[in-house]
Amino acid sequence: MVFLRISKRCTERVSMTTTDGERSLKSQPAFARYPSLEGRVAFVSGGATGLGAEFVSQLAAQGARVAFVDLDEDAGTELRASITERGDPEPFFQRVDVREVKALEQAIMQASEAFGPVTVLVNNAANDTRRKVAEIDPALWDDGIAVNVRHHFFAAKTVWPMMKAAGGGSIINLGSISAHIDLVDLPVYITAKAGIEGLTRTLARELGPDGIRVNCVIPGWIMTPRQLESWVGDAEREKILAAQCVPELLYPADVARIVLWLAADDSRLATGQTWVVDGGWQ
Ligand SMILES: NC(=O)c1ccc[n+]([C@@H]2O[C@H](COP(=O)([O-])OP(=O)(O)OC[C@H]3O[C@@H](n4cnc5c(N)ncnc54)[C@H](O)[C@@H]3O)[C@@H](O)[C@H]2O)c1
2 MVFLRISKRC TERVSMTTTD GERSLKSQPA FARYPSLEGR VAFVSGGATG LGAEFVSQLA
62 AQGARVAFVD LDEDAGTELR ASITERGDPE PFFQRVDVRE VKALEQAIMQ ASEAFGPVTV
122 LVNNAANDTR RKVAEIDPAL WDDGIAVNVR HHFFAAKTVW PMMKAAGGGS IINLGSISAH
182 IDLVDLPVYI TAKAGIEGLT RTLARELGPD GIRVNCVIPG WIMTPRQLES WVGDAEREKI
242 LAAQCVPELL YPADVARIVL WLAADDSRLA TGQTWVVDGG WQ
């Protein structure tokens, strides 16, 4: 009976955060609730919009204490208010530029002072602004690396001692399908995203003895507001549906569910891996 009640609650909450893609499913989907996430402290970078906002929202819906940082102060403040209003634990939000390593470290420490040790870290912030090879100079190269991979390492380094003291944790790095398919005008971003896969494997090895799991989630082409506004028109939509084995557009909620599973104890010994959610892009 308890299980049924909890499942229903989770389904209701998930339905508040789901997007158009799921409405095309023939039956009402029902998603998992993870008891181990109740009260767990999670930190998400780039959590104010896009996929990050969905991770924040769904982690909070599972009862986790969520802290997130982002450059976009208005969107972050709005998200925090909407989660609190719907009755989930109030998230911690700070405006932080993840390229500023000291500021990121400070935000993680402040979040842990407020909520307790961070035992779930989602390294999500990124910037996929398109740039031609000819226009990239060393300053743009360094900036692209700083926003797309450097902070993953320093956030992981910061949470390591608290995860170790807590007996373990889960670090989830957002990679990208772009490192595996034919795309142009993103050389720095793609280099960083490929690097995240290597970083994931080496950190899994280094931190594993302390019970810390490190995984990489590789989203396919996901229909975030930014993608829909900037990049996905009719031609792209057709390309996506032709490339995917399951011809259905992917939405942030589809990626959030694997993040929840990796954050929860259900994935207890899954580490050092890449987890692809791309509708079977070929
Ligand atoms: N959307 C996709 O199709 C897709 C595909 C593959 C991988 N990904 C990956 O998923 C993750 C999320 O992607 P998204 O599409 O939601 O991105 P997005 O651009 O929509 O959102 C990124 C978030 O990070 C924030 N951000 C950017 N620079 C920042 C900085 N310097 N400091 C702090 N915050 C900053 C932005 O304000 C934004 O809220 C990224 O790691 C991205 O590489 C996305």
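For reference, each letter of the sequence shown is one residue, going 2 to 283 in the working numbering.
The beta-carbon is built from N, C-alpha and C at its ideal position, and this holds for glycine as well.
Cβ-Cβ distance between VAL102 and HIS152 below 8 Å: Note that the C-beta distance between VAL102 and HIS152 is below 8 Å.
Per-residue burial, ALA135 [other beta carbons within 10 Å of its own, 16 or more giving buried]: With fewer than 16 other beta carbons inside 10 angstroms of its own, ALA135 counts as exposed.
Any non-hydrogen atom of ligand 1 closer than 7 Å to LEU122 Cβ: Checking every heavy atom of ligand 1 against the Cβ of LEU122, none is found closer than 7 Å.
Check: LEU175 C-beta below 7 Å from any heavy atom of ligand 1: Yes, the Cβ of LEU175 comes within 7 Å of a heavy atom of ligand 1.
Spatial neighbours of CYS56 in its chain, beta-carbon cut-off 7 Å, leaving aside the 5 residues before and after: Going by the sequence as given, residue 56 is Phe instead of Cys. The beta carbon of PHE56 lies closer than 7 Å to those of VAL45, GLY48, VAL123, ASN125, ALA257, VAL260 in the same chain, with the five residues before and after it left out.
Which listed residue (ILE178, ILE197, LEU187) has its alpha carbon closest to that of LEU251: Nearest of ILE178, ILE197, LEU187 to LEU251, Cα basis: ILE178.
Element boundaries [alpha helix (DSSP H), containing GLY47]: For GLY47, there is no enclosing alpha helix (DSSP H), as DSSP gives it neither H nor E.
Test item: CB-CB of ILE120 and ARG41 under 8 Å: Per the sequence presented here, residue 120 reads as Thr, with Ile not at that position. Pairing THR120 with ARG41 gives a Cβ-Cβ distance under 8 Å.
Distance between beta carbons of GLY176 and GLU198, contact taken as under 8 Å: Correct: roughly 6 Å between the Cβ atoms.
Any non-hydrogen atom of ligand 1 within 7 Å of TRP222 CB: For ligand 1, at least one heavy atom lies less than 7 Å from the Cβ of TRP222.
Minimum C-alpha distance to TYR35 - residue among ALA264, GLY170, ARG66, ALA167: The candidate whose alpha carbon is nearest that of TYR35 is ALA264.
beta-carbon THR225 near ligand 1 non-hydrogen atom, thresh 7 Å: THR225 Cβ: within cutoff of ligand 1.
Sufficient close CB pairs (3 or more, under 8 Å) joining the region 218-228 to the region 51-67: Enough Cβ pairs lie closer than 8 Å, so yes.
Near ligand 1: VAL97 beta-carbon under 7 Å from a heavy atom: Correct: VAL97 has its Cβ closer than 7 Å to ligand 1.
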